[in-house]
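Colleague: Here it is, the structure, as C-alpha cells.
2 protein chains.
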Amino acid sequence: MSELKQMDSSSLQHLHNKVKEELETIKKSNLSLNMSRGKPSAEQLKLSLGLLNSVNAENIGDNFSVLNYGLVDGIPEAKTLFKDILGVDTEEILIGGNASLNIMHDIISKALIKGVIDSETPWGKEDKIKFICPVPGYDRHFTICEAYDIEMISVDMLENGPDMDKVEELVRNDTSIKGIWCVPKYSNPDGITYSDDVVERLAKMETQAKDFKIFWDNAYAIHDLTENPPVLKNILEACKKHGNPNRVFMFASTSKVTFPGSGVAVVAASKENIQFIKTQLSVQTIGPDKVNQLRHVRFFKNYDNILEHMKKHAEIMKPKFDAVLNILHSKLGAYGIATWTEPQGGYFISLNTMDGCASEVISLAAEAGVTLTGAGAAFPYGKDPRDRNIRIAPSFPTLAEVEKAIEVLCLCIILVSTNKLL
Amino acid sequence: MSELKQMDSSSLQHLHNKVKEELETIKKSNLSLNMSRGKPSAEQLKLSLGLLNSVNAENIGDNFSVLNYGLVDGIPEAKTLFKDILGVDTEEILIGGNASLNIMHDIISKALIKGVIDSETPWGKEDKIKFICPVPGYDRHFTICEAYDIEMISVDMLENGPDMDKVEELVRNDTSIKGIWCVPKYSNPDGITYSDDVVERLAKMETQAKDFKIFWDNAYAIHDLTENPPVLKNILEACKKHGNPNRVFMFASTSKVTFPGSGVAVVAASKENIQFIKTQLSVQTIGPDKVNQLRHVRFFKNYDNILEHMKKHAEIMKPKFDAVLNILHSKLGAYGIATWTEPQGGYFISLNTMDGCASEVISLAAEAGVTLTGAGAAFPYGKDPRDRNIRIAPSFPTLAEVEKAIEVLCLCIILVSTNKLL
Chain Z
1 MSELKQMDSS SLQHLHNKVK EELETIKKSN LSLNMSRGKP SAEQLKLSLG LLNSVNAENI
61 GDNFSVLNYG LVDGIPEAKT LFKDILGVDT EEILIGGNAS LNIMHDIISK ALIKGVIDSE
121 TPWGKEDKIK FICPVPGYDR HFTICEAYDI EMISVDMLEN GPDMDKVEEL VRNDTSIKGI
181 WCVPKYSNPD GITYSDDVVE RLAKMETQAK DFKIFWDNAY AIHDLTENPP VLKNILEACK
241 KHGNPNRVFM FASTSKVTFP GSGVAVVAAS KENIQFIKTQ LSVQTIGPDK VNQLRHVRFF
301 KNYDNILEHM KKHAEIMKPK FDAVLNILHS KLGAYGIATW TEPQGGYFIS LNTMDGCASE
361 VISLAAEAGV TLTGAGAAFP YGKDPRDRNI RIAPSFPTLA EVEKAIEVLC LCIILVSTNK
421 LL
Chain A
1001 MSELKQMDSS SLQHLHNKVK EELETIKKSN LSLNMSRGKP SAEQLKLSLG LLNSVNAENI
1061 GDNFSVLNYG LVDGIPEAKT LFKDILGVDT EEILIGGNAS LNIMHDIISK ALIKGVIDSE
1121 TPWGKEDKIK FICPVPGYDR HFTICEAYDI EMISVDMLEN GPDMDKVEEL VRNDTSIKGI
1181 WCVPKYSNPD GITYSDDVVE RLAKMETQAK DFKIFWDNAY AIHDLTENPP VLKNILEACK
1241 KHGNPNRVFM FASTSKVTFP GSGVAVVAAS KENIQFIKTQ LSVQTIGPDK VNQLRHVRFF
1301 KNYDNILEHM KKHAEIMKPK FDAVLNILHS KLGAYGIATW TEPQGGYFIS LNTMDGCASE
1361 VISLAAEAGV TLTGAGAAFP YGKDPRDRNI RIAPSFPTLA EVEKAIEVLC LCIILVSTNK
1421 LL
C-alpha cells in the first residue's frame, strides 16, 4: 500500500476496477445505513429510561407548583444540578425547555427585534449584520443565520480552535460583526477542544461592535470518550477578567445525556445578562416544562451522578469511534487521499478527502445504501469551498452497521480518488 | 338596599363608616388570598396526575423515536387527538411544546423578522405596524405587542364579541394594521363567546393589509361550566369560505386541561399556513417534547375522554363561579355601583365599578390581604381609560377563600364608591 499519487496508472486502474467491483456487489445487497446525524442510539436512550419514572402520581408529593404556571427561569434545584456542567453560579444560569438550539435562536431573534443587553440599535434595524462561522461547523447554527439574513464569514478551524489572528482582525475592524458561533469542546464536526489561549483571546479581543456576542454552544461539555479528557477553560470567567462579562452566552443541554426529544436545555451568562434574558423570556412564556426539570433533578440527584452516567454513554460510543478510526486507518492508511480527526469526545469524526471529491463520495455512498451528512453541510450556505469535508456520525447505527458503513465509505473514497488521479 | 346614587348623604356616610370598620377588622386578620391569575387549583391539577404515569420505562415499548430528535410538527397521534378541540384536519394542526403563548410569540417575532406567508415585507421593516386589541382583553397578548413596539388600537368588546363596525372600518382603511387578538370563547376577562355573525365578519372583512392575521387564542375552547354551552363558529372554515384561508392562526393548549407548566400547545391554520410555520420552526428547533405529547395521547386516548375530563374541572370551577356571582349579587345587588358578567365557562368574571374606582378598589383589597389582577391589566399599556375594570380569577383559591375574597372585594367597592359619591 503506497500513496496513490505515487502509483503508476496501471496500478491505479487495477485498484479502481477492483474497488468498483466491490461496490457493485454491495449495491446489490440493499444496504440501508444512516450516519447522517448525531443522534444517540437506542442503546444510549435506554440508559435514561428511569428518568420517565422519576416523577409520577405517587411521588409528586406536594410539588404542585411545578405542575402550574410560573418560574420562567426554571426550578432552583435544576439550576443547582446543571450549573457545574458550565461552571457557573446559580444566578448565572437559566433552565429552559427541551432544546438549547431553541434558546440560541430566540436570543438571536430578539436581538434582531430588540437588541442584546448592550445594543444601541436592534440588530435587525442595522443595514447589515454578520456572524463569524468557524468552519467546518454545525449546520443548524448556520441555518439560523441564513434564515435571518445574517451574513456568514467563514474562518478556518485550526488545531486549537478558530484561527484567532483572523477572528481578531475581523472583529476589530468591522462594526457589523455581531457574533461568533463556537462549539468549543469536541467541535462539530472536527472534535477539537479550544485551547486556553484561544478562549482567552476570544474573551479579551477588541471588538468594533459594542454588542458583539459569543454563542458558546457547549453541546459536548461532558461527552468525553477518554480517561483524561481535555479541559475547556471557563470563558465566562475569562470574559469577566477582561472586563467583558456580557460578551458570552453559554449553552448546554441533556439532549445527548438523557433524551434528545425530551431533555432540558440551559443557558448561562453573567448575572446581568441572565436577568436581561429572563425579562425578554417573560414576554414569550409563562414558564418552561418544570416537571421535566424535576424529572432530571430526581433522576441524577447530583453532578457526580451525571458524570457517572456519561461514562456509560462513553462505553457505547467509544467502540464505534474506534471502529471508524481503525477501518479508516486500515483501508485508506497510506494512500494519502484522506485525513481525519481523532476526537477524544463528542459525536463526530471529520474527514477530508482530496479537494473536489466529497460530494461525489457522498452521493456514491448513498447509491450503495449509506446515508452520510450532506456534502457542504458543515459550511455556511451549504458550500464547502474545497468540496472535501465529510462528517462521520457513528452514534446512531449499531457497531456492526458502523463498520459496514465505514468500509463502504472507504471504497467510495478510493473509487473517486483513483478516478480523479487517472 | 337602594341605588347609592339615590341615597342621601347621611345614609351614604353611615354605610361608608360601617364598611370602613368592617375592612379595618379584616385587615387585622392578616388575610392572604390571591385571585390575580387564572391558575388552576391543586384540586384541578390532581385530576391529571395519571398523566405522569402514562409513559414510563416499562411501557415505553419500542417507542424510542419519541425520545429522539425529530418530528418538528409533533407526533401524528397527538394531531389526531387534539384536532377536534379546534375542529380542523390533521394536516391543519401542529403540536408544539408546553405553551401556546410561546407559539403566538414566535409567529409574531418571525413575522417581524421575515414576514408571514403573504407578506411582501417583514413586519419589522415597515415604518409602523398595529394590532387591534378588543378590550378588556388578555394582558399577555398586549405585552408581546408592547415589547415589540406594535402599536395597539383598543376596540370595545360588545355583547357578542368585538365591535365589528369599528374593526371593519379600521382594517379597511389602515394598511399598517396587521393583526387582531381574539379570545373568542369565554373571552378573557369578560367570558363572552363571539357570535356566528362576528366570526363571519372577521373571516370576510376587507383588509387593507394583504398579510393581516387573526390570532385566535381559543384558550377556553372546551372549558364549559354549563350543560348547554355556547358553540363557537369555526373561523378557519369561515375564512376558507370567504377566500381568506391563510388569515387565521388558531391556538389551544392543555394548560388548563392537564398541567399549566407541563401541557401541550397546538396551533391550527390552513394546510399551506401550517407548512409555512413548520418550515420556519425547523430553523428554531429539531423538535418539541414528544414524550409529553405521547403522555397526553395515552392519558386521554380520544377526544370524548377529554370532554369527560373537562366536566370534572367544571365540577370544581362552577361552585366558585356561583359563589362569586351570588356574593356580588347579595352584597352589591341593587347599589348600582358595579356591573359584572356571568360567563358560562372560562376562567374569569369581569366586573366594572363606577368610572375612576377600579385602581383604588384593587389597592384597598391588597391592603386587606386580597391580591387581584392589577388595575388596567386587561388594557393595552396597562391603562384602563375609565379605570373601572376588575378581573376576578376564582380558580386558584379554595371555595372558602373565594367567598372571603369576594366579600372583601365588595366591601372595597362600597367604600370607594361611597367615598366618591359623598
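Residue numbers (the working numbering), protein chains in the order written: chain Z, 1 to 422; chain A, 1001 to 1422.
Where a beta carbon is used, it is the ideal one built from N, C-alpha and C, also for glycine.
1) Alpha carbons only, please: which of A/Ser1270, A/Lys1404, A/His1309, A/Gly1115 is nearest the one belonging to A/Ile1093?
2) Can you name the residues of chain A whose CB is closer than 7 Å to the CB of Z/Gln275?
3) Name the chain A residues whose beta carbon is nearer than 8 Å to that of Z/Leu52?
4) Hey, how far is the Cα of Z/Leu328 from the Cα of Z/Glu342?
5) Around the Cβ of Z/Leu332, are there at least 16 other Cβ atoms within 10 angstroms (buried) or fewer (exposed)?
6) Whole angstroms are fine: how far does the CA of A/Glu1227 sit from the CA of A/Leu1202?
7) So what does Z/Ile153 bridge to, in DSSP terms?
8) Can you look up A/Asp1387 in the DSSP assignment and give me helix, strand or coil?
9) Kindly list, in the order they appear in chain A, the residues whose Cβ is closer than 7 Å to that of Z/Gly287.
10) By DSSP, does A/Leu1232 sit in helix, in strand, or in coil?
11) At which residue ranges does the region 1039-1102 of chain A contain complete beta strand (DSSP E) runs of 3 or more residues, listed in the order of the chain?
12) Taking 7 Å as the CB-CB limit, is A/Lys1039 close to chain Z?
13) What first and last residue would you give for the alpha helix (DSSP H) that runs through A/Thr1143?
14) Take the Cβ of Z/Thr285 as the centre, count every other Cβ of all protein chains shown within 10 Å, and call the residue buried at 16 or more, exposed below.
15) Does A/Tyr1194 have its Cβ less than 7 Å from a Cβ in chain Z?
16) Relative to the alpha-carbon of A/Thr1121, which residue among A/Asp1211, A/Asp1355, A/Gly1287 has its alpha-carbon at the smallest distance?
17) May I have the straight-line CA-CA distance separating Z/Asp89 from Z/Tyr186, to the nearest angstrom?
18) How far does the alpha helix (DSSP H) with Z/Leu415 in it extend, from its first residue to its last?
19) Under 7 Å Cβ to Cβ from Z/Trp123, same chain only, skipping five residues before and after it: list those, please.
20) Counting only runs of 3+ residues fully inside the region 189-222 of chain Z, write out the beta strand (DSSP E) ranges in chain order.
21) Can a CB atom of chain A be found closer than 7 Å to the CB of Z/Ile406?
22) Using a threshold of 7 Å, state whether the C-beta atoms of A/Asp1198 and A/Met1164 are closer than that.
23) Check the DSSP bridge columns for A/Leu1031 and list the partner residues they point to.
24) Residue range of the beta strand (DSSP E) that Z/Thr353 falls in?
25) Rounded to whole angstroms, what is the Cα-Cα separation between Z/Pro184 and Z/Val135?
26) Could you tell me which of Z/Lys233, Z/Ala368, Z/Leu421 sits nearest to Z/Gly87, measuring between CA atoms?
27) Give me the Cα-Cα distance between A/Gly1374 and A/Cys1410, rounded to the nearest whole angstrom.
28) Less than 7 Å between CB atoms is the rule here; does Z/Gly97 satisfy it with respect to chain A?
29) Tell me the residue span of the alpha helix (DSSP H) that contains A/Phe1299.
30) Find the nearest neighbour of Z/Thr258 within the set Z/Gly137, Z/Ala42, Z/Gly376, judged by alpha-carbon distance.
31) Have a look at Z/Ser253 and A/Glu1168 and give me their C-alpha separation to the nearest angstrom.
32) In three-state terms, what does DSSP make of A/Met1250?
33) Is it true that the region 316-327 of chain Z meets the region 392-399 of chain Z, where meeting means three or more beta-carbon pairs spaced less than 8 Å apart?
34) What separation, rounded to the nearest whole angstrom, lies between the Cα atoms of Z/Arg391 and Z/Gly345?
35) In whole angstroms, what separates the C-alpha of A/Ser1065 from that of Z/His14?
Modeller: Working from what's here:
1) Position 93 of the second sequence holds residue 1093 of chain A. Of A/Ser1270, A/Lys1404, A/His1309, A/Gly1115, the residue nearest in Cα terms is A/Ser1270.
2) Here residue 275 of chain Z refers to the residue found at position 275 when the first sequence is read from its first residue. Those do not exist, as Z/Gln275 stays about 16 Å from chain A at its closest Cβ, beyond 7 Å.
3) The residue given as residue 52 of chain Z occupies position 52 in the first sequence. Those are Val1055, Asn1056, Ala1057, Ile1060, Val1291, listed as they occur along chain A.
4) Position 328 of the first sequence, counting from 1, holds the residue named residue 328 of chain Z. Position 342 of the first sequence, counting from 1, holds the residue named residue 342 of chain Z. Each residue's alpha carbon lies about 11 Å from the other.
5) Mapped onto the first sequence, residue 332 of chain Z falls at position 332. The residue is buried, with at least 16 neighbouring Cβ atoms inside 10 Å.
6) Locating residue 1202 of chain A in the second sequence gives position 202, counting from the first residue. Locating residue 1227 of chain A in the second sequence gives position 227, counting from the first residue. If you take the alpha carbons of A/Leu1202 and A/Glu1227, they lie about 28 Å apart.
7) Numbered from 1 along the first sequence, position 153 holds the residue referred to as residue 153 of chain Z. DSSP output for Z/Ile153 lists Z/Ile132 as bridge partner(s).
8) The sequence position of residue 1387 of chain A within the second sequence is 387, counting from 1. A/Asp1387 falls in the coil class under three-state DSSP.
9) Locating residue 287 of chain Z in the first sequence gives position 287, counting from the first residue. The contacting residues are Gly1261.
10) Along the second sequence, one-based indexing puts residue 1232 of chain A at 232. Residue state, collapsed to three classes: coil.
11) 1093-1095
12) By one-based count along the second sequence, residue 1039 of chain A stands at place 39. Chain Z, which has a Cβ nearer than 7 Å to the Cβ of A/Lys1039, makes this yes.
13) Residue 1143 of chain A sits at position 143 when you count from the first residue of the second sequence. Unbroken alpha helix (DSSP H) run through A/Thr1143: 1139-1147.
14) For the purposes of this step, residue 285 of chain Z is identified with residue 285 of the first sequence, where counting begins at 1. That one is buried.
15) Here residue 1194 of chain A refers to the residue found at position 194 when the second sequence is read from its first residue. Closer than 7 Å: no.
16) Taking the second sequence and counting its residues from 1, one reaches residue 1121 of chain A at position 121. The residue with the shortest Cα to Cα distance from A/Thr1121 is A/Asp1211.
17) Counting from 1 along the first sequence, the entry for residue 89 of chain Z is found at position 89. Counting from 1 along the first sequence, the entry for residue 186 of chain Z is found at position 186. Approximately 24 Å between the Cα atoms of the pair.
18) Taking the first sequence and counting its residues from 1, one reaches residue 415 of chain Z at position 415. First-last of the alpha helix (DSSP H) with Z/Leu415: 399-421.
19) Walking along the first sequence from the start, residue 123 of chain Z turns up at place 123. Cβ neighbours of Z/Trp123 beyond the five flanking positions: Ala111, Leu112, Gly115, Ile129, Lys178.
20) 213-217
21) As a first step, residue 406 of chain Z is located in the first sequence; it is residue number 406 there, counting from the start. No, Z/Ile406 lies away from the interface with chain A (no Cβ there is under 7 Å from its Cβ).
22) Position 198 of the second sequence, counting from 1, holds the residue named residue 1198 of chain A. Position 164 of the second sequence, counting from 1, holds the residue named residue 1164 of chain A. Reading off the sequence shown, one finds Val at residue 1198 of chain A, where the question assumed Asp. Yes, Cβ-Cβ distance for A/Val1198 and A/Met1164 is below 7 Å.
23) Stepping through the second sequence from its first residue, residue 1031 of chain A is reached at position 31. A/Leu1031 is not bridged to any residue.
24) For the purposes of this step, residue 353 of chain Z is taken as the residue at position 353 of the first sequence. Here the beta strand (DSSP E) through Z/Thr353 covers 349-353.
25) Sequence index remark: in the first sequence, residue 184 of chain Z carries index 184 (1-based). Sequence index remark: in the first sequence, residue 135 of chain Z carries index 135 (1-based). Rounded to whole angstroms, Z/Pro184 to Z/Val135 spans 12 Å at the Cα level.
26) As a first step, residue 87 of chain Z must be located in the first sequence, where it is residue number 87. Of the listed residues, the one whose Cα sits closest to Z/Gly87 is Z/Lys233.
27) Your numbering for residue 1374 of chain A matches position 374 in the second sequence. Your numbering for residue 1410 of chain A matches position 410 in the second sequence. Near 17 Å, if we compare the C-alpha coordinates of A/Cys1410 and A/Gly1374.
28) As a working note, residue 97 of chain Z is residue 97 in the first sequence. Chain A contact via Cβ: present.
29) Locating residue 1299 of chain A in the second sequence gives position 299, where the first residue counts as 1. Element bounds for A/Phe1299: 1290-1300.
30) By 1-based counting over the first sequence, the position of residue 258 of chain Z is 258. If we check each option's Cα against that of Z/Thr258, Z/Ala42 comes out closest.
31) For the purposes of this step, residue 253 of chain Z is identified with residue 253 of the first sequence, where counting begins at 1. For the purposes of this step, residue 1168 of chain A is identified with residue 168 of the second sequence, where counting begins at 1. In a straight line, the C-alpha of Z/Ser253 is about 47 Å away from that of A/Glu1168.
32) In the second sequence, the residue the question calls residue 1250 of chain A occupies position 250. In the structure shown, A/Met1250 sits in a strand (DSSP, three-state: E or B).
33) yes
34) As a working note, residue 391 of chain Z is residue 391 in the first sequence. As a working note, residue 345 of chain Z is residue 345 in the first sequence. Spanning the two alpha carbons is a distance of roughly 15 Å.
35) As a first step, residue 1065 of chain A must be located in the second sequence, where it is residue number 65. As a first step, residue 14 of chain Z must be located in the first sequence, where it is residue number 14. Looking at the two C-alpha atoms, the distance is approximately 45 Å.
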